[in-house]
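J.: Numbering (this note's numbering), first residue to last: 91 to 346.
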Amino acid sequence: MNTTHTRPISPCNRLCLRLAGTGHPVRCGRRCGFTLIELLTVIVIIGILAAIIIPVLGRVRESARRATCLSNLRQIQMANIAHATENKGDYIRVKDDSRWWLTQAVFIEYLNANKLTSGGKENMPDQLKCPTAMATFIPNIANVAEREAFGGYGYRNYGTSATESGFTVLNQSKVPAPSRIMAFSDALDFYFYQCPGSTYNWEKETRTSTTNSYRHRNGACIVFFDGHTRWLPREKIHKTSSTTDPAILSLWGTGV
Numbered sequence: 091m092n093t094t095h096t097r098p099i100s101p102c103n104r105l106c107l108r109l110a111g112t113g114h115p116v117r118c119g120r121r122c123g124f125t126l127i128e129l130l131t132v133i134v135i136i137g138i139l140a141a142i143i144i145p146v147l148g149r150v151r152e153s154a155r156r157a158t159c160l161s162n163l164r165q166i167q168m169a170n171i172a173h174a175t176e177n178k179g180d181y182i183r184v185k186d187d188s189r190w191w192l193t194q195a196v197f198i199e200y201l202n203a204n205k206l207t208s209g210g211k212e213n214m215p216d217q218l219k220c221p222t223a224m225a226t227f228i229p230n231i232a233n234v235a236e237r238e239a240f241g242g243y244g245y246r247n248y249g250t251s252a253t254e255s256g257f258t259v260l261n262q263s264k265v266p267a268p269s270r271i272m273a274f275s276d277a278l279d280f281y282f283y284q285c286p287g288s289t290y291n292w293e294k295e296t297r298t299s300t301t302n303s304y305r306h307r308n309g310a311c312i313v314f315f316d317g318h319t320r321w322l323p324r325e326k327i328h329k330t331s332s333t334t335d336p337a338i339l340s341l342w343g344t345g346v
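So, in structure tokens, the structure goes:
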């Protein structure tokens, strides 16, 4: 009996044992590793997949942040409605030139949150923190792009011409269409819209004297006086002296 010995088959140099006419084993060598072309092909494929996946992940994260932001705004306005219900229809009061709505202990209690005793984002109740806003304050906001500034939620100054002891007062009876008029929105600060003495001079992201912030994919989260929330793109919010779109005008309380 004729016995033929062969070397062990290595994983890097596989042997293909084939019977060729005579019955002798024939070594069919197969190299291991990649050619440069194969390696480049793999790199290109990985790059294509990354180009597809990374933006999708970014949109998913922003969608989650937007949902949190909308929830925050709803909680704020529901607290505002609760305050009005227990105070003869009066919404939370604000001073003409301050963030007073933010620091009033009675309003914070309606949010079931801790009282804001000092400045700094770390001291704010979670309901007042937009997750898309910057993590820290920028002391000097002049000539800083909107997206680079820490922001909060702005309180509309709609119908706050009446005063009582130096505070502006808005009563529910003064809001003719609560489902169409904005109450709070993403803002560059905690002031309400166009508050006197607080003109922001931004380079490009927003017009002078407006505190709205469009940090959610070029749009903003808003809550209406009836408590429902929406995300709207900048062009559906931004109002100028030449605006004629009835939806934008009603959002700001004009023509309702």
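Ideal Cβ positions, reconstructed from N, Cα and C, are used throughout, including at glycine.
#1: Using the DSSP secondary-structure output, state which residues sit across from Gly343 in a beta bridge.
#2: Does DSSP put Tyr290 in a helix, a strand or coil?
#3: Apart from the five residues just before and just after Leu160, which ones in its own chain have a Cβ nearer than 6 Å to its Cβ?
#4: I want to know whether the segment 143 to 156 touches the segment 124 to 134 - three or more CB-CB distances under 8 Å.
#5: Just the Cα atoms here: how many angstroms apart are Trp321 and Lys178?
#6: Where does the unbroken alpha helix (DSSP H) through Leu33 begin, and where does it stop?
#7: Considering Cα atoms alone, identify which of Thr175, Thr222, Leu201 is closest to Pro215.
#8: Could you check if Asn170 is buried or exposed, using at least 16 other CB atoms within 10 Å of its CB as the buried criterion?
#9: Roughly how many angstroms separate the alpha carbons of Leu163 and Asp276, rounded to a whole number?
#10: If we count the other Cβ atoms within 10 Å of its Cβ and call it buried at 16 or more, is Phe124 buried or exposed?
#11: Is it right to say Arg305 is buried, meaning 16 or more other beta carbons lie within 10 angstroms of its own, or is it exposed?
#12: If you follow the beta strand (DSSP E) that Thr319 is in, where does it begin and where does it stop?
#13: Look at the Cβ atom of Cys274, then the Cβ atom of Ile138, and state whether they are nearer than 8 Å.
#14: Note the first and the last residue of the continuous beta strand (DSSP E) segment covering Gly242.
#15: Could you check the C-alpha separation between Thr158 and Phe314 for me, to the nearest Å?
#16: By the three-class DSSP mapping on this structure, what secondary structure does Asp311 have?
#17: Locate the beta strand (DSSP E) running through Ser275, then write down its first and last residues.
#18: Could you tell me how far apart the beta carbons of Leu64 and Tyr243 are, in whole angstroms, since I believe they sit closer than 8 Å?
#19: Report the residue from Gly148, Asp316, Ala337, Gly317 whose alpha carbon sits nearest the alpha carbon of Lys326.
#20: Round the Cβ separation of Asp316 and Ser269 to the nearest angstrom and send it over; I've been treating them as touching at under 8 Å.
#21: Tell me the DSSP secondary structure of Asn177 in three-state form.
#22: Alpha carbons only, please: which of Tyr245, Ala154, Ala140 is nearest the one belonging to Arg307?
#23: Among all the DSSP beta bridges, which residues are the ones paired with Asn261?
#24: Quick one: residues in its chain with C-beta nearer than 7 Å to the C-beta of Ala172, no 5 flanking neighbours on either side, listed in chain order?
T.: On the basis of the coordinates in this document:
#1: Beta-bridge pairing links Gly343 to no other residue.
#2: In this prediction, Tyr290 scores a pLDDT of 33, lower than 50, which makes its location untrustworthy; no coordinate-derived value is stated.
#3: Cys311, Thr319
#4: Counting Cβ pairs under 8 Å, fewer than three are found: no touch.
#5: 31 Å
#6: Nothing in the structure corresponds to residue 33, since the chain is present only between 91 and 346.
#7: Leu201
#8: A buried status is given to Asn170, since no fewer than 16 other beta-carbon atoms sit within 10 Å of its beta-carbon.
#9: 9 Å
#10: exposed
#11: Residue environment for Arg305: buried (at least 16 other C-beta atoms within 10 angstroms of its C-beta).
#12: For Thr319, the uninterrupted beta strand (DSSP E) run begins and ends at 319 to 323, by DSSP.
#13: The sequence shown places Phe at residue 274, not Cys. No.
#14: 242 to 245
#15: 16 Å
#16: Inspection of the sequence shows that residue 311 is occupied by Cys rather than by Asp. DSSP places Cys311 in strand when its eight states are reduced to three.
#17: 272 to 277
#18: The first residue shown for the chain is 91 and the last is 346, placing residue 64 beyond what the model contains.
#19: Ala337
#20: Their Cβ separation, rounded to whole angstroms, is 5 Å, which keeps Asp316 and Ser269 in contact under 8 Å.
#21: coil
#22: Ala154
#23: Asp180
#24: In chain order, Tyr200 place their CB closer than 7 Å to the CB of Ala172, counting only its own chain and leaving out the 5 sequence neighbours on each side.
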